[in-house]
Every structure is written in C-alpha cells, then in structure tokens.
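J.:
There are 2 protein chains.
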Amino acid sequence: MPQGERKGRSIRVRDFSRPTTLNADRLFGQVAQKLAVAIISGEIGAGELLPNEDALRADISVSRTAFREAVKILTAKGLVEARPKSGTRAAPRERWNLLDPDVLSWHFEADPNEKFIRDLFELRRFVEPSVARLAAQRRTAADIARIEAALRAMTENPPYSDACVRGDLAFHEAIFAASQNAPLQCLASAVIATLQWSMVLKKGEEEAFADSLPDHENILLAIIDRDGDLAAVRMTGLVIDSLNTTLASVNVGQVEPDKIARIKHTK
Amino acid sequence: MPQGERKGRSIRVRDFSRPTTLNADRLFGQVAQKLAVAIISGEIGAGELLPNEDALRADISVSRTAFREAVKILTAKGLVEARPKSGTRAAPRERWNLLDPDVLSWHFEADPNEKFIRDLFELRRFVEPSVARLAAQRRTAADIARIEAALRAMTENPPYSDACVRGDLAFHEAIFAASQNAPLQCLASAVIATLQWSMVLKKGEEEAFADSLPDHENILLAIIDRDGDLAAVRMTGLVIDSLNTTLASVNVGQVEPDKIARIKHTK
DNA sequence: GTCTGGGATAAAGTCATACGATACCCGGAA
DNA sequence: TTCCGGGTATCGTATGACTTTATCCCAGAC
Numbered sequence: 000m001p002q003g004e005r006k007g008r009s010i011r012v013r014d015f016s017r018p019t020t021l022n023a024d025r026l027f028g029q030v031a032q033k034l035a036v037a038i039i040s041g042e043i044g045a046g047e048l049l050p051n052e053d054a055l056r057a058d059i060s061v062s063r064t065a066f067r068e069a070v071k072i073l074t075a076k077g078l079v080e081a082r083p084k085s086g087t088r089a090a091p092r093e094r095w096n097l098l099d100p101d102v103l104s105w106h107f108e109a110d111p112n113e114k115f116i117r118d119l120f121e122l123r124r125f126v127e128p129s130v131a132r133l134a135a136q137r138r139t140a141a142d143i144a145r146i147e148a149a150l151r152a153m154t155e156n157p158p159y160s161d162a163c164v165r166g167d168l169a170f171h172e173a174i175f176a177a178s179q180n181a182p183l184q185c186l187a188s189a190v191i192a193t194l195q196w197s198m199v200l201k202k203g204e205e206e207a208f209a210d211s212l213p214d215h216e217n218i219l220l221a222i223i224d225r226d227g228d229l230a231a232v233r234m235t236g237l238v239i240d241s242l243n244t245t246l247a248s249v250n251v252g253q254v255e256p257d258k259i260a261r262i263k264h265t266k
Numbered sequence: 000m001p002q003g004e005r006k007g008r009s010i011r012v013r014d015f016s017r018p019t020t021l022n023a024d025r026l027f028g029q030v031a032q033k034l035a036v037a038i039i040s041g042e043i044g045a046g047e048l049l050p051n052e053d054a055l056r057a058d059i060s061v062s063r064t065a066f067r068e069a070v071k072i073l074t075a076k077g078l079v080e081a082r083p084k085s086g087t088r089a090a091p092r093e094r095w096n097l098l099d100p101d102v103l104s105w106h107f108e109a110d111p112n113e114k115f116i117r118d119l120f121e122l123r124r125f126v127e128p129s130v131a132r133l134a135a136q137r138r139t140a141a142d143i144a145r146i147e148a149a150l151r152a153m154t155e156n157p158p159y160s161d162a163c164v165r166g167d168l169a170f171h172e173a174i175f176a177a178s179q180n181a182p183l184q185c186l187a188s189a190v191i192a193t194l195q196w197s198m199v200l201k202k203g204e205e206e207a208f209a210d211s212l213p214d215h216e217n218i219l220l221a222i223i224d225r226d227g228d229l230a231a232v233r234m235t236g237l238v239i240d241s242l243n244t245t246l247a248s249v250n251v252g253q254v255e256p257d258k259i260a261r262i263k264h265t266k
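Here is the structure:
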C-alpha cells in the first residue's frame, strides 16, 4: 500500500507535537524554515536579510512569490521586520514569538543550548503546577478519561518508544485542556516542545522514566480527587525531577553532541 | 506640518503595546485584520473561508497577491488552515495562538467577553508573581532604573492619561525583562494587553488607581531588596486587586457597552 | 452490491512580469 | 562642507498563466 508507505517513511521530531502551521512539504514552508534557522542560529543576526536573489540562487530557484510568502510567515512570528522601503531585517530576539510552536521547533533545531532549555523548564515550573490545580478544580469525566488514556500509553509501551513519548506529551496536554483556560492552553505547545527535547536527551535512562511513572499517576489521582493543592505540589515535583534528570543527561553524558546531531538529522 | 498631523490623527489602543507585526497601513495588513476579526468574532467560525472573489469584491478590490499574503499571516498565527484542494478554512479556537500580540489585539477588538478577560487575569495571576520573584533575584541596576522610570511616569501624570497608562504597562514589562528569561518575556505582551483593557474599562475610577500606586511602589522596593518571596506576594495582591476592580467596573458599571463601543471605535 | 482504482476537478501553490511608491544613497551645486 | 535633487534599490500591489495536490465521483472488477 503506497500511501501507508508514504506516511511512515520518516518520523519527524515535531510530528508528536500539535499540528504546526508549517508546511514543510510546501516550497514557502521550506524557505521559511531555512531563513528562520539562519536567523535563530545567529547566522543572520539583526542585520539585513539576505537579498532574495541570493537566496533563490543558492538554495533552490524559488520565485519571488514563494519567497515573499515565506517572509510574511516570519514577519507574523516576529522573526523579521519588513519596513516599506528600507529593507527586510532580522528582528532582535526580544521580538521573536518564542512561544509560537513553529518558532520553538526552529529554535530547537537551530540553537538548542542549555540556557534555553533551562528557561523553558522555568516556564514549566511556574505554569504547570497552576494548570494542574485548575485542572483538578474543573476537570470533567471526559478530561479524566483523556488523561488516563495518555497515562496508559506511557505504561503499556516500552520507555521512550514513540507511543510512550506520545502518551507523555498527551498527558500534559490533557491537563492543560482540563484547565478550561484557552490562553493558558497556548502554553501547552511550549511545554510539549520542552518535554520532547528532554525526552530525546534522556533517552535510554529507563530508571528515571520508571521513577516518573508513579509521579504521573499520583498527579492523575489528585486531579480525580479534585485536590488542587496536591496536584500542584506533585506537578512541581515532577517538573523539578524532569529538569534534574535532563540536565544530568546533558552535562554528564558525553553523548550529547551526538544526540543533538541525530535530532537535527531526523528533522 | 502634515506629517505631524498624520501621526496624531488617531490614538489606537494597541499603540501602547509592543510594536506589532501588523502593518495596518498596508493593504495585506488591512485584509488580515478584517479576516481575523471575522474569524475571532465567530462570523466565520470553523467553516470555509470566504472565497477570495467574494472578499475582494465586497470589501475593496484587492489583488490575489495581497489576499494570499494576508492569509499567510493568519496561517502563521493559527487562525486558518489552508489545504491544497479542500480549501482554506477557519481553524478551531484551540489552534489559535492566543498569546500572539496581534491575535490578542484582534481578539479584544472582535470579542472582548468577560470570560476571556478572566482567563487572561488568571494567566497573570499565575505568571506575574513568579516573574516578579525572578526579577528580584536577578535584577540589575539598569532594571531598577527602568522600573523606577516607569513608576515615575505613573505618579507624575494624571491617572489614566496616556503617559500614565504607558508607565503602568512599562512597569510590568520592565519586571518581565528583569527576569532574564526570554520565553517568559513573551508573555509580557499578553499581560500588557490585559492591562490595557482593564485600564480602559476602569477609566475614571481614580480612587482604585490611587490605591494601586503604593502597591506598585512596594513591589519595586521588594525587587530592590532582592526579596523574591515578598515581591511575589505583593504582585499576587496587585493582580487580584486589579481583577476585582476591573470586574467591578464591568459588572456594576452600566457604561460597559458604551466603553467597549468606544474602544472599538478608536481602533 | 460493494469495494477498488483511476480520472475529472477545484483550489491552493508557484512562476514570471510589470508597475507604483518611497526611503536611502550619492553626486553635483552653492 | 553642507544642502539639495535625482537616481536607485526595495517593498507593495496587480495580473495572468501554469503546476501540484487532494478530493470526489464514477466506472469497472470482484
């Protein structure tokens, strides 16, 4: 069956996360990605954008249309600023919408440094406990079912397998959804991106994963009991543990460059 | 001087916030705004997008180029999803990047309902205290100067004047900046949008504003003292007070529809 | 009758070209 | 040296044609 083949032909890292707006199979999407990575990695750095003639001659011969649409996407995400006649420049980092799913994805691909991972974990540390508290207060039966299903995917599949990782991401996303707060839910993509990366970095450390399973389960129990404070405390513990094991993997493990290279390769 | 005239001819609500990517003076920007408002207000609602022929004939005769670039912007912000053969559809609300500055601005213009304001205050309630704690721990002398300058703008100008409002926004933004966490800083735009709206709704209630001034000052003092816990507690109090007075204005004041209409008018 | 496969079809995507507007650069004049 | 003016580069917009892609429907096979 050729279509099944096509579907499974390559697993991309960001396939796990929420559907992104970035059509990588479309031309403008490729150009946008290439430019974004160049900007985020600092290759372009707040200077003027590479003239389109360069871009389309070096990479692939893209028409002005595709190039402009790619630039429009980057503009919408704050990566570049196009001023009427003076030129299109790469924007300073303060302007980037770092919480945009695509920007996060590009950022990890371009410059997955430790400071950035720390910052994201800090965000998780502040947000996720509160979200868990809300979830405990507002969850419906359907929310519980969704969280349970995600947890089941984690326990019933081998650690760090695709299905297991997907389950972990779904676990956290379901808790966000149970919070019933739409703006808050937008942060789920940032959390998921963080999780995904920490999972890739930690891959192989199965004891750490096994330890985290009861923590997940206990969070679910607190949410079922509508015990917001307990859910928040337990979520705090989970995030801190996750940060520690992730940083341990990054610092101790000399495999880090290899892993990062592999992640980039599987993009 | 005609150019000065043009600058001051209309005060826009979002002029106070960080510079948005939305070029309202460009054609594609206007189309994007119009479509975005139609989607967010529910006028289009997850169905198929109005065929471009309709759009360009009804509103203004815009070329396919401008229309497509507008759609690309909306795609990048998650408001629409374009698929090759099936058409370009308005996306469900879960996909919207509600924390994007432009989307926030459009959301307030299209559908400033109480639930949304509550959700945003909830976000503030969770995030800002933690940010204040970080700011207290990491602030530099320059950060202090920036916060002080913002506070001065609040005290030295008449309540709810433009300069005063700008000062209030700058106060909160400066605290975010002092946290030294880039992803966290992206939430500043959401906080600022919330503040801006609550300020417009509260306008005229000068006693509430006067009461909040010492609160602001005390937060600054805690940050100067590097007392993170105290800064967090005080920020929590400020956010809660702000929510209460804002909701009181919305619920008690029968002026609400009038005010909202006026805000929309000044867009 | 149901399922499968391929072609018709419609919409998005891509390309090429052209023109208008304006900010910026540079050279000439005072 | 300074100021002014025109040229130029670049973005924005418009137009028309062609390509790609996925859906839908119908015909043919089991």
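Going down the list, the protein sequences come from chains A and B. Numbered according to my numbering, the first sequence spans residues 0 to 266. Numbered according to my numbering, the second sequence spans residues 0 to 266. Idealized CB from N, CA, C, for every residue including glycine.
(1) Can you tell me whether residue 79 of chain A is helix, strand or coil according to DSSP?
(2) Let me know the secondary structure DSSP gives residue 155 of chain A once reduced to three states.
(3) Between the Cα of residue 96 of chain B and the Cα atoms of B:214, B:176, B:35, which residue gives the shortest distance?
(4) Quick check on the burial criterion: 16 or more other C-beta atoms within 10 angstroms. Buried or exposed for residue 167 of chain A?
(5) To which residues of the same chain is residue 149 of chain B closer than 7 Å at the C-beta, ignoring the five residues directly before and after it?
(6) Counting only C-beta atoms, is residue 112 of chain A closer than 9 Å to chain B at any point?
(7) Provide the residue span of the beta strand (DSSP E) that contains residue 87 of chain B, from first to last.
(8) For the candidate residues A:182, A:223, A:248, A:229, whose alpha-carbon lies nearest to that of residue 207 of chain A?
(9) Identify, in the order they occur along the chain, each residue of the same chain with its Cβ nearer than 6 Å to the Cβ of residue 80 of chain B, setting aside the five sequence neighbours on each side.
(10) Could you tell me whether the Cβ atoms of residue 101 of chain A and residue 71 of chain A are closer together than 9 Å?
(11) Using 9 Å as the limit for Cβ to Cβ distance, is residue 72 of chain A near chain B?
(12) Our contact map puts residue 137 of chain A next to residue 181 of chain A with C-beta atoms below 8 Å; I'd like the distance itself, whole angstroms only.
(13) How do the stretch 143-160 of chain B and the stretch 192-206 of chain A stand: do at least 3 beta-carbon pairs fall below 8 Å, yes or no?
(14) Out of curiosity, what's the CA-to-CA distance linking residue 184 of chain B and residue 175 of chain A?
(15) Using a threshold of 9 Å, state whether the C-beta atoms of residue 115 of chain B and residue 65 of chain B are closer than that.
(16) Can you check whether the C-beta of residue 75 of chain B is within less than 9 Å of a C-beta belonging to chain A?
(17) Name the chain A residues whose beta carbon is nearer than 8 Å to that of residue 180 of chain B?
(18) Could you give the first and the last residue of the continuous alpha helix (DSSP H) run that contains residue 28 of chain B?
(19) Please state whether DSSP places residue 113 of chain B in a helix, a strand or coil.
(20) If I measure Cβ to Cβ from residue 106 of chain A and keep anything under 6 Å in the same chain, skipping five residues before and after, which residues do I get?
(21) Would DSSP call residue 47 of chain A helix, strand or coil?
(22) Reducing DSSP to helix, strand and coil, say where residue 95 of chain B ends up.
(23) Does DSSP put residue 136 of chain A in a helix, in a strand, or in coil?
T.: In this structure, then:
(1) Your numbering for residue 79 of chain A matches position 80 in the first sequence. Strand at residue 79 of chain A.
(2) On the first sequence, position 156 is the one that residue 155 of chain A refers to. The three-state reading of DSSP puts residue 155 of chain A in coil, since its state is none of H, G, I, E or B.
(3) Residue numbering aside, residue 96 of chain B sits at position 97 when the second sequence is read from its first letter. Among B:214, B:176, B:35, the Cα nearest to that of residue 96 of chain B belongs to B:35.
(4) Taking the first sequence and counting its residues from 1, the one referred to as residue 167 of chain A is at position 168. It counts as buried.
(5) The residue labelled residue 149 of chain B in the question sits at position 150 within the second sequence. For residue 149 of chain B, where only same-chain residues beyond five positions count, the Cβ hits under 7 Å are 166, 169, 170, 173.
(6) What you label residue 112 of chain A is simply residue 113 of the first sequence in a count that begins at 1. It does not: the Cβ of residue 112 of chain A has no partner Cβ on chain B nearer than 9 Å.
(7) Working through the second sequence from its first residue, we reach residue 87 of chain B at position 88. Taken as a continuous stretch (DSSP letters only), the beta strand (DSSP E) holding residue 87 of chain B covers 86-89.
(8) If you number the first sequence from 1, residue 207 of chain A lands on position 208. Looking at the Cα atoms, A:248 is the closest of the given residues.
(9) Walking along the second sequence from the start, residue 80 of chain B turns up at place 81. For residue 80 of chain B, where only same-chain residues beyond five positions count, the Cβ hits under 6 Å are 88, 90.
(10) As a working note, residue 101 of chain A is residue 102 in the first sequence. As a working note, residue 71 of chain A is residue 72 in the first sequence. No, the Cβ-Cβ distance between residue 101 of chain A and residue 71 of chain A is not below 9 Å.
(11) The count along the first sequence starts at 1 and reaches residue 72 of chain A at position 73. With its beta carbon less than 9 Å from one in chain B, residue 72 of chain A belongs to the interface.
(12) Translated into the one-based positions of the first sequence, residue 137 of chain A becomes position 138. Translated into the one-based positions of the first sequence, residue 181 of chain A becomes position 182. Their Cβ separation, rounded to whole angstroms, is 13 Å, which puts residue 137 of chain A and residue 181 of chain A out of contact at 8 Å.
(13) no
(14) Position 185 of the second sequence, counted from the start, is the residue given in the question as residue 184 of chain B. Position 176 of the first sequence, counted from the start, is the residue given in the question as residue 175 of chain A. If you take the alpha carbons of residue 184 of chain B and residue 175 of chain A, they lie about 20 Å apart.
(15) Here residue 115 of chain B corresponds to residue number 116 of the second sequence, with the count starting at 1. Here residue 65 of chain B corresponds to residue number 66 of the second sequence, with the count starting at 1. No, the Cβ-Cβ distance between residue 115 of chain B and residue 65 of chain B is not below 9 Å.
(16) Position 76 of the second sequence, counted from the start, is the residue given in the question as residue 75 of chain B. It does: the Cβ of residue 75 of chain B has a partner Cβ on chain A nearer than 9 Å.
(17) One-based indexing of the second sequence puts residue 180 of chain B at position 181. By Cβ distance, chain A contributes 118, 121, 122.
(18) Looking up residue 28 of chain B in the second sequence gives position 29. Here the alpha helix (DSSP H) through residue 28 of chain B covers 26-39.
(19) Taking the second sequence and counting its residues from 1, one reaches residue 113 of chain B at position 114. Residue 113 of chain B: helix per DSSP, three-state reduction.
(20) Within the first sequence, residue 106 of chain A is the residue found at index 107, counting from 1. Closer than 6 Å at Cβ, skipping near neighbours: 39.
(21) Numbered from its first residue, the first sequence carries residue 47 of chain A at position 48. Residue 47 of chain A falls in the strand class under three-state DSSP.
(22) What you label residue 95 of chain B is simply residue 96 of the second sequence in a count that begins at 1. In the structure shown, residue 95 of chain B adopts coil according to DSSP, grouped into three states.
(23) Counting from one through the first sequence, the residue named residue 136 of chain A turns up at place 137. In this structure, residue 136 of chain A counts as helix in the three-state DSSP scheme.
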